[in-house]
Amino acid sequence: MGFIEIFFKKDSKDILAKDVELFVSRKIEESLNLEYKDIKAYDNFDELSKDVSAFANSEGGLLILGVGQEKKRPKIFPTEITWGDEFLSKERLENNLTGKIHPRIEGLKIVPIRKNNSVIFLLDIPQSENPPHMAFDKRYHRRLNFGNSPMEHYEVSDFFGRRRKPCLSLIVQLTEIDVKDSTYQLKIRLFLQNSGKAIAKYIQLTASFFNLEILGFTGPFDRIDDLREGVPSIQFVELINVFHPTGAKVRIGDITLKIKDSLEKAIITYDIVAENMDQIKKDLTFDKVDLENAKIAGKLGQRMFLTEEIF
Numbered sequence: 014m015g016f017i018e019i020f021f022k023k024d025s026k027d028i029l030a031k032d033v034e035l036f037v038s039r040k041i042e043e044s045l046n047l048e049y050k051d052i053k054a055y056d057n058f059d060e061l062s063k064d065v066s067a068f069a070n071s072e073g074g075l076l077i078l079g080v081g082q083e084k085k086r087p088k089i090f091p092t093e094i095t096w097g098d099e100f101l102s103k104e105r106l107e108n109n110l111t112g113k114i115h116p117r118i119e120g121l122k123i124v125p126i127r128k129n130n131s132v133i134f135l136l137d138i139p140q141s142e143n144p145p146h147m148a149f150d151k152r153y154h155r156r157l158n159f160g161n162s163p164m165e166h167y168e169v170s171d172f173f174g175r176r177r178k179p180c181l182s183l184i185v186q187l188t189e190i191d192v193k194d195s196t197y198q199l200k201i202r203l204f205l206q207n208s209g210k211a212i213a214k215y216i217q218l219t220a221s222f223f224n225l226e227i228l229g230f231t232g233p234f235d236r237i238d239d240l241r242e243g244v245p246s247i248q249f250v251e252l253i254n255v256f257h258p259t260g261a262k263v264r265i266g267d268i269t270l271k272i273k274d275s276l277e278k279a280i281i282t283y284d285i286v287a288e289n290m291d292q293i294k295k296d297l298t299f300d301k302v303d304l305e306n307a308k309i310a311g312k313l314g315q316r317m318f319l320t321e322e323i324f
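When the letters of the sequence shown are read in order and numbered with my numbering, they come out as residues 14 to 324.
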């Protein structure tokens, strides 16, 4: 979800002039993730490159290009909408920002909002996964509560140190669901995906299964129940092969499970560690209702995945 959706509670393609007018009328002050600029700033691409790169180097945010500011120290509020000429183009704005910010900001979204023969722009700037980004002045900027400031040397160095890291995630796919005498038996297929910026190596995945019995598995897993106080648990260790940052799913094995008590929720708790990567710890929780819904989805030819967002 982008910042346009967060602030306007609507999809970016559905935003109309009246939505922006209503938003401005609410007098929401500028913040770490929100800034207003008069449409006159459209042609000042140098300054815009500092503002946009500062958002990307911080937590991301929404820049509304076409709203005046009223400063009531220490706060800044919006005033009126400053509509610009209809010939101001999204393409020119995007091309100039791309040419003045290095490296380019992936995921930057520019949405023109039109009314009669006028236009303003919503710039949805994500928190960058590849910071820091340098502006036109060959400096790196960061976002403060409002406005931006050049970054200190140690801050820039820290960004470069964190830039190229692996980012592994576990993908759990339901491949079979069987119900006998109210007992649910399922087979899951495990994949690892590296969506980071560097090769992942020296990988260890550990998973424990609560309210679940492990009936069997295929793949390079070891049972480590004794290390988890008797809780059914497996471990996957890869010390030779590496996972490249292609975003491709790599299958590591299948596990057959049985829910012990169908009236209670089942929980899969896992953690992933790798060289130069922060530890990932997550839970997958589901029950028989979720499995029945997954069966229906499977009959419709859809893939059945267990994710922490769904179950």
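Beta carbons are placed, not taken as given, at the ideal position from N, Cα and C, and that holds for glycine.
- Straight across, the Cα-Cα distance linking L47 with R177 is about 28 Å.
- Across the set N224, E34, A211 and V302, the C-alpha of E34 shows the shortest separation from the C-alpha of I94.
- Straight across, the Cα-Cα distance linking S71 with L61 is about 15 Å.
- In this structure, the CA atom of N158 is about 5 Å from the CA atom of S44.
- T298 has I280 as its beta-bridge partners, per DSSP.
- Burial check for D291: the Cβ neighbour count within 10 Å stays below 16, so the residue is exposed.
- With contacts defined as CB atoms closer than 8 Å, V132 and L101 qualify as a contacting pair.
- The beta carbon of F58 lies closer than 7 Å to those of N109, L110 and K113 in the same chain, with the five residues before and after it left out.
- In the three-state DSSP reduction, S38 falls in the helix class (H, G or I).
- The distance from the Cβ of E119 to that of K88 is about 32 Å, inconsistent with a contact at the 8 Å cut-off.
- Around the beta carbon of L76, 16 or more other beta carbons sit within 10 angstroms, so the residue counts as buried.
- Between K308 and T196, the alpha-carbon positions lie close to 15 Å from each other.
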